[in-house]
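Report on one structure; see the data block that follows.
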Amino acid sequence: MAQCKTKLVAFVFSSSTGEWQAVTSQAWDDLLVGTGVSTASSKSPVFFGRQYACACFYWVMDWRQKLLMLDTRRMEFSIADLPPGCRRPPIAIVDAGEGRPGMFAVREHDADGTFDLYYTIRQIEGPSFNQWQMEKTIPLEFGYRYFLRGATERYLLLLRSEDDSPSSSSLEMSDLECFSLDVKTLQLESVCRLKHHILRAQIYTNFPPLLSSQTI
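As structure tokens, then:
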């Protein structure tokens, strides 16, 4: 994806030709209509945190309760609202089944300092079409701070640190515990403990055979 001064453009790489080709574009004026974002500014909106699920790419719009979506089946851009309970990124988007995208967000309750995982599913048919509906709220253990590190296939990766650790804006934190969450069962499982971890690192799974451990 490329953000140009007047429009947004999606490119596809061809392995046969070895070249990038523009496949769709949309003017900012058309894309942002009704979002409350001014198109008169010389700066285009900032999108970050790319996610993929159900044949769609998603980006969060900086400082807005909005998502940029690219439907790879129709090659169309669109803007969608974040769920009402999702006040701030990061988020993790997963395949909730039946072609529906699901979204996880960590919510902090200022009144008592507790955290929970907030899970919503976007409806694709019926009277609630395109609306996010709350599926489940998962309480998280008190005394820790929690950070989403993204999702891949049917698993979510969650980190937690002692409540007196540096804030999430810090580039590096120590003594982090890593958890996975099965999207189907919504069960949290401790994976490992990290002495040092850079929060901006990305998840990578499904290594090619040459990099995978041998099994019998």
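Convert by adding 3 to the 1-based position in the sequence shown; the result is the number in the numbering used here.
Heads up, the beta-carbon is just placed ideally off N, CA and C, and yes, glycines get one too.
Query, Result
"According to DSSP, residues forming a beta bridge with T75", "DSSP, once it has assigned bridges, lists no residue as partnering T75."
"7 Å CB neighbourhood of V194 in its chain, flanking five on each side removed", "C181, F182 and S183"
"Endpoints, beta strand (DSSP E) assigned at L151", "Y147 to T155"
"Rounded straight-line distance, which links the Cα of L120 to that of V109", "5 Å"
"Buried or exposed by the 16-neighbour rule on C-beta atoms within 10 Å, applied to S164", "buried"
"N-terminal and C-terminal residue of the alpha helix (DSSP H) that D32 is part of", "W31 to L34"
"Cβ separation of T123 and W135, assumed to be a contact under 8 Å, to the nearest whole Å", "4 Å"
"Pair within 8 Å by beta-carbon distance, Q68 and Y61", "no"
"Per DSSP, the bridge partner or partners of A56", "C59"
"Collapsed DSSP secondary structure at C7 in the structure displayed", "coil"
"Where A13 sits in the DSSP three-state scheme", "strand"
"Contact set for E111: own chain, Cβ-Cβ below 6 Å, skip 5 residues either direction", "F118"
"For E101, the residue or residues it bridges with in DSSP", "In the DSSP output, where bridge partners are listed per residue, E101 has none listed."
"Burial state of F107, where buried means 16 or more other Cβ atoms lie within 10 Å", "buried"
"Distance CB(S17)-CB(Q6) smaller than 8 Å", "no"
"Reduced DSSP category for A83 - H, G, I as helix; E, B as strand; rest coil", "strand"
"Residues sharing a beta bridge with A25, DSSP", "F14"
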